[in-house]
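Residue numbers (our numbering): 11 to 135.
Idealized CB from N, CA, C, for every residue including glycine.
Report on the structure given below.
Written as structure tokens, this is what we have:
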């Protein structure tokens, strides 16, 4: 039996194999700043549909191309990958994601902005 080798978790070298008896290990290093995969994926493309309740909301889908011999149109699936697979998005993981929901949260009136967030501590986990 082949299982994913955790030591390759942050590598583009491909998945390694270990015996099924081996104890799973956690990755020993965090991904480096440049270790995030972005851009379109082979075999399909990202499309958006306007929201029903909020027409300004773009709901992401992925159209997956089937083999030409199938003679079928692409299959459309909900795409939960966020902006990372949007060819028009500019990704900077040191800056974080755009705050597209912030105005909705403020209008709800049940949350307060934090001027200076506290440091994350190990006991938070």
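*Go ahead and label residue 95 buried or exposed: buried means 16 or more other beta carbons lie within 10 angstroms of its beta carbon, across all protein chains shown.*
Residue numbering aside, residue 95 sits at position 85 when the chain shown is read from its first letter. Its Cβ being crowded by 16 or more others within 10 Å, residue 95 is buried.
*For residue 75, I'd like the list of residues in its chain whose CB is within less than 6 Å of its CB, leaving aside the five on either flank, ordered along the chain.*
As a working note, residue 75 is residue 65 in the chain shown. Answer for residue 75: 53, 54, 84, listed in chain order.
*Alpha carbon to alpha carbon, what distance is there between residue 91 and residue 69?*
Against the chain shown, residue 69 aligns to sequence position 59. Against the chain shown, residue 91 aligns to sequence position 81. For residue 69 and residue 91, the distance between alpha carbons rounds to 12 Å.
*Is the Cβ-Cβ distance between residue 101 and residue 48 less than 7 Å?*
Walking along the chain shown from the start, residue 101 turns up at place 91. Walking along the chain shown from the start, residue 48 turns up at place 38. Their beta carbons are under 7 Å apart, which means residue 101 touches residue 48 by this criterion.
*With residue 116 as the anchor, note down where its alpha helix (DSSP H) starts and where it stops.*
Against the chain shown, residue 116 aligns to sequence position 106. Run containing residue 116: 112-118, per the alpha helix (DSSP H) assignment.
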